[in-house]
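Below: the structure, in structure tokens.
2 protein chains.
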Amino acid sequence: MEAKKENSRVIKAAQTKKRIYDSALILFKRHGFGTSVDSIVEMAGVSKGSFYSHYNSKFSLIIDYVNNLDLGYADFFTSLPSDIPPSSMLILVTEKIMDVIINDVGIDLIKLSYEAQITKTVNTDIQLSYDRKLYQIYNQIIQLGVQQGEFKSTLDIESVSKHCIMSIRGITYEWCIRFPDFDPKDEIIKHLNLLLSGIKKG
Amino acid sequence: MEAKKENSRVIKAAQTKKRIYDSALILFKRHGFGTSVDSIVEMAGVSKGSFYSHYNSKFSLIIDYVNNLDLGYADFFTSLPSDIPPSSMLILVTEKIMDVIINDVGIDLIKLSYEAQITKTVNTDIQLSYDRKLYQIYNQIIQLGVQQGEFKSTLDIESVSKHCIMSIRGITYEWCIRFPDFDPKDEIIKHLNLLLSGIKKG
DNA sequence: TTTAGTCACTGACTTTAGTCAATTATACAG
DNA sequence: CTGTATAATTGACTAAAGTCAGTGACTAAA
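Quick note, the sequences are listed as chains A and B, same order. Position one of the first sequence corresponds to residue 1 (our numbering), numbered consecutively onward. Position one of the second sequence corresponds to residue 1001 (our numbering), numbered consecutively onward.
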């Protein structure tokens, strides 16, 4: 990963990319994410080829946008009082995440993003860094739960954290395919409660 | 839902649909699921419009195919000895389902099918009937667990069944986006064990 | 300064999914 | 048997994503 020299060529390229990105955002807001690449490049005043030298696909741009949203999970987590039980932290953080997904990101973007992940014309690096932040939060909570004796000491903390995040993604996928007859916030809470307390007796 | 009379018109239409379907399968096997609709109708000797009067979209045909696979879950379930604990049944059935998904259906079809579910120009009725069968199996197992006293009597059986199936779908989605660096069978078992025993102490 | 090479950029082109008005074949009522 | 309604089928057409050989402005090395 070498930083490119800031010569005029590089600067112009960055300006072009930004023009494409900005035009896309305006058109997305105006006409939704079905906006064609043709209309984006027309508004940006560049050629189609230029679009594709900056973005691998139409999805790439959308994923760029999603990943640049500041979702503010980390802030929410650090703002939590530290004297509540870790199981409650888990629930609260997860509720917050679902709120953001439902209200700030929205069904259309989530669908596109999940579709892009499957078809993957897309560089997943940024997506993974997003995961890493989430993962750290869950890891901390579960570690805390084990330390404080609320959670089983036999837990594989890393694995459990990953499974919490997978549950969020799973429920969000379910939301995509069942929309609007599915309440993802309600369901993720039910799922977490199952994960916390288990199905088996004692 | 009225049964159509079997006049020659209906029979011919069914034959046309079958010719399209069979050609598609041959081409899918030969060139993968990227096969174009044009080449399918060329091989079937029908027009493109005809294709679209039988299938809403290219995905529809693929979904049709996936749903017509006899996945044999039900048989596997009924062949289980009835004296093993319900928690083991849950694990065994789920392992079987994952085996089928991984080996009989395969990553390419699963990806297409999951993509189709998200983009959904597609009639989900058949997908739902597939779910219904699975759902019945899980419902029975969990009911048995409650009756025999292995599972908590306070469980909402229907909700827990749904969440088991959602977990399968969630993990399968994860497999799609992480392939090949993800072992869905291993992970679904871990997830189920968490669901069964819980994270919290006693 | 010259010159070879790089890189953003161009736009016509290809590919493919999906549409729809027109056409043809069949069913059915009188 | 005749005319009319209905359903299946056609294929030219649209729309949109993505490609690629070519262009010229800019960089950097001699």
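Even glycine gets a Cβ: it sits at the ideal position worked out from N, Cα and C.
Of the candidates A:LEU61, A:LYS18, A:GLY72, A:LYS111, the residue whose Cα lies closest to the Cα of A:ALA44 is A:LYS18. If you draw a straight line from the Cα of A:LEU112 to the Cα of A:LEU25, it is about 15 angstroms long.
In the displayed model, B:PHE1076 falls within a helix according to three-state DSSP.
With contacts defined by Cβ atoms closer than 8 angstroms, A:ILE168 and A:ILE188 form a contacting pair. The three-state reading of DSSP puts B:LYS1152 in coil, since its state is none of H, G, I, E or B. Judged by DSSP in its simplified three-state form, B:LYS1120 adopts coil rather than helix or strand. Among the residues of the segment 1150-1161 of chain B, those with a Cβ less than 7 angstroms away from any Cβ of chain A are GLU1150, PHE1151, LYS1152, LEU1155, SER1159, VAL1160, in the order of the chain. Straight through space, the alpha carbons of A:LEU61 and A:THR119 are spaced by roughly 15 angstroms. Contact residues of the segment 172-192 of chain A toward chain B are TYR173, GLU174, CYS176, ILE177, LYS190, HIS191 (C-beta to C-beta distance below 7 angstroms).
At the C-beta level, B:ILE1199 and A:LYS200 stay beyond 8 angstroms of one another.
Here A:ILE171 has PRO184, GLU187, ILE188, HIS191 as same chain residues with Cβ atoms under 7 angstroms from its own Cβ, once five neighbours each way along the sequence are excluded. Look at the segment 48-104 of chain A and you find these whole runs of alpha helix (DSSP H), each 4 residues long or longer: 48-54, 58-68, 73-78, 86-99. Your pair A:GLN148 and A:PRO86 checks out as a contact, with CB atoms roughly 6 angstroms apart and the cut at 8 angstroms. Scanning chain B for C-beta atoms nearer than 8 angstroms to the C-beta of A:HIS163 yields GLU1187, LYS1190, HIS1191, LEU1194, reported in chain order. Collapsing the DSSP output to three states places B:LYS1200 in a strand.
Spatial neighbours of B:SER1023 in its own chain (CB-CB distance under 7 angstroms, excluding positions within 5 residues in sequence) are listed in chain order as ILE1040, MET1043, ALA1044. The alpha-carbon of B:VAL1046 is positioned some 14 angstroms away from that of B:SER1036.
Counting only residues of its own chain and dropping the five nearest sequence neighbours on each side, A:LEU80 has a CB closer than 7 angstroms to the CB of MET89, LEU92. Taking CB atoms only, A:TYR114 has a neighbour in chain B less than 8 angstroms away. Exposed is the label assigned to A:SER8, since fewer than 16 other Cβ atoms lie within 10 Å of its Cβ. By a beta-carbon distance limit of 8 angstroms, A:TYR138 does not contact A:CYS176. Their separation comes to about 22 angstroms. Take the alpha-carbon of B:TYR1021 and the one of B:GLN1015: they are about 10 angstroms apart.
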